[in-house]
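What follows is a single structure, written as structure tokens, with notes after it.
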Amino acid sequence: MTSNVNTTYIVTISCPNRPGIVAGISHGLAELGANITEAQQFDETESRQFFMRIVFEIPQDATDRSVLENEFSRLAREFSMSWSLTTTNVRPKVLILVSRFDHCLVDLLYRWRIGELAIDPVGIISNHPREIYRHLDFDGIPFHHLPITPVTKPEQEARIIQIMDESGAELVVLARYMQILSNELSCRLSGRCINIHHSFLPGFKGARPYHQAFARGVKLIGATAHYVTSDLDEGPIIEQDVERISHADTPDDLVRKGRDIERRVLARAVRYHIERRAIMNGHKTIVFTS
Numbered sequence: 001m002t003s004n005v006n007t008t009y010i011v012t013i014s015c016p017n018r019p020g021i022v023a024g025i026s027h028g029l030a031e032l033g034a035n036i037t038e039a040q041q042f043d044e045t046e047s048r049q050f051f052m053r054i055v056f057e058i059p060q061d062a063t064d065r066s067v068l069e070n071e072f073s074r075l076a077r078e079f080s081m082s083w084s085l086t087t088t089n090v091r092p093k094v095l096i097l098v099s100r101f102d103h104c105l106v107d108l109l110y111r112w113r114i115g116e117l118a119i120d121p122v123g124i125i126s127n128h129p130r131e132i133y134r135h136l137d138f139d140g141i142p143f144h145h146l147p148i149t150p151v152t153k154p155e156q157e158a159r160i161i162q163i164m165d166e167s168g169a170e171l172v173v174l175a176r177y178m179q180i181l182s183n184e185l186s187c188r189l190s191g192r193c194i195n196i197h198h199s200f201l202p203g204f205k206g207a208r209p210y211h212q213a214f215a216r217g218v219k220l221i222g223a224t225a226h227y228v229t230s231d232l233d234e235g236p237i238i239e240q241d242v243e244r245i246s247h248a249d250t251p252d253d254l255v256r257k258g259r260d261i262e263r264r265v266l267a268r269a270v271r272y273h274i275e276r277r278a279i280m281n282g283h284k285t286i287v288f289t290s
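Position one of the sequence shown corresponds to residue 1 (UniProt numbering), numbered consecutively onward.
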């Protein structure tokens with residue numbers, strides 16, 4: 001008896017640009033009985049790199065994953081291609097780090113609860129105690145209070161790594177976590193740690209950015225979500241947004257509007273990552289938005 005149930009896969013691809021890549025991939029998938037439902041591609045002229053994201057369906061009884069992996073391995077040899085394959089029913093395990101300001105944390109948890117973000121939160125880490133968030137329902141998500149000082153930073157980060165390993169976290173989200181990660185931890189998390197920065201980078205860095213913006217009479221404020229690297233606030237940018245302000249806005253108005261921007265920018269960046277829409281390209285990203 002033939003099954004009518006399909007499995008949906010997402011494959012992302014990057015390789016040196018040359019003729020025949022799309023044809024080769026499409027032909028290979030067609031030979032395996034796959035139906036392409038979505039395809040986006042980009043040729044970067046400067047680096048001469050080719051990027052592609054494909055969503056395809058295949059009957060569960062038509063072929064198993066190992067056959068698909070063998071086919072993409074063959075294509076990788078032919079086109080010098082880097083690739084990643086996943087199914088759409090996989091919910092990445094996510095570890096969320098937060099400090100005193102909890103608006104981004106609350107927003108991520110809300111989007112998770114209503115099914116907008118297909119993630120599996122496996123832990124919340126904060127350098128502040130649980131009492132700071134006593135008004136929040138973490139819905140059974142483990143909470144870890146890891147205080148930090150310059151002296152205890154290595155031990156605190158070692159504990160973060162331990163929690164990641166024990167929970168199986170695949171993605172770390174810095175939801176206004178106001179601590180600088182060490183170079184060692186940043187390198188370990190390369191490509192799987194997203195930070196939200198409270199300005200439209202490059203912008204006002206350091207303390208009280210909205211007050212700096214107010215003092216300079218800016219007309220736009222914004223936020224930036226990027227992958228974390230050892231270069232502080234210089235990682236590949238995934239998403240940005242801005243909001244227009246006026247001379248009538250006070251510093252408190254800027255903070256309020258800034259929090260709204262931070263929430264939506266971080267949520268979009270996390271969604272782009274888990275849906276395999278963001279592909280790192282050196283100091284930049286290729287983002288296939290929906």
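Virtual Cβ for every residue (Gly too), placed ideally from N, Cα, C. Nothing here was measured: the structure is a model prediction, and the numbers come from that model.
Query, Result
"Option in M81, N281, I161 with minimal Cα separation from G123", "I161"
"Every unbroken beta strand (DSSP E) inside the UniProt domain \"ACT\" (10 to 92) [3 residues or more]", "35 to 44, 49 to 59, 82 to 87"
"Contacting residues, own chain, Cβ-Cβ under 6 Å from A169 (five flanking each side not counted)", "K93, L95, V122"
"Supposed contact pair I196 and Y210 - C-beta distance, whole angstroms, cut 8 Å", "Rounded, the Cβ-Cβ distance is 14 Å, inconsistent with contact."
"Cutoff 6 Å; reference V5; Cβ partners in own chain excluding five residues on either side", "Q60"
"Exposure label - C193; buried when at least 16 CB within 10 Å", "buried"
"The segment 44 to 51 touching the segment 10 to 19, judged by at least three CB pairs closer than 8 Å", "yes"
"Per-residue burial, Y177 [other beta carbons within 10 Å of its own, 16 or more giving buried]", "buried"
"Assigned secondary structure, L136 (DSSP; H/G/I helix, E/B strand, else coil)", "coil"
"Length of the line joining the Cα atoms of A23 and A278", "23 Å"
"At least 3 beta-carbon pairs within less than 8 Å: the segment 24 to 42 vs the segment 99 to 109", "no"
"K257, enclosing alpha helix (DSSP H) - first and last residue", "251 to 274"
"Three-state secondary structure (DSSP) of D231", "coil"
"Enclosing beta strand (DSSP E) for P121 [first to last residue]", "120 to 126"
"CB of F72 within 8 Å of CB of I21, strictly", "no"
"Outcome for I238 when other beta-carbon atoms lying within 10 angstroms are tallied against a minimum of 16", "buried"
"Bridge partners - N195, DSSP secondary structure assignment", "L174, H226"
"Buried/exposed call for residue 292, threshold 16 Cβ in 10 Å", "Look at the range of the chain in this structure, 1 to 290, and you will see that residue 292 is not part of it."
"Three-state secondary structure assigned by DSSP to F143", "strand"
"For A278, three-class secondary structure by DSSP", "strand"
"Three-state secondary structure assigned by DSSP to I180", "coil"
"Nearest neighbour of E157, chosen from D137, Y227, S126 [CA to CA]", "S126"
"Distance between beta carbons of A223 and D241, contact taken as under 8 Å", "6 Å"
"Beta-bridge pairing of K284 - partner residues as DSSP gives them", "N281"
"Distance cut-off 7 Å: Q60 Cβ against heavy atoms of the ligand MG", "For the ligand MG, the structure offers nothing, since it holds no ligand at all."
"Reference V90, options L117, H128, K219, closest by Cα", "L117"
"Endpoints, beta strand (DSSP E) assigned at I237", "237 to 244"
"Beta-carbon proximity check, W83 vs I13, cutoff 8 Å", "yes"
"8 Å Cβ cutoff met for R276 and R53", "yes"
"Pick from E234, L232, K284, A225 that is closest to R271, judged by C-alpha positions", "A225"
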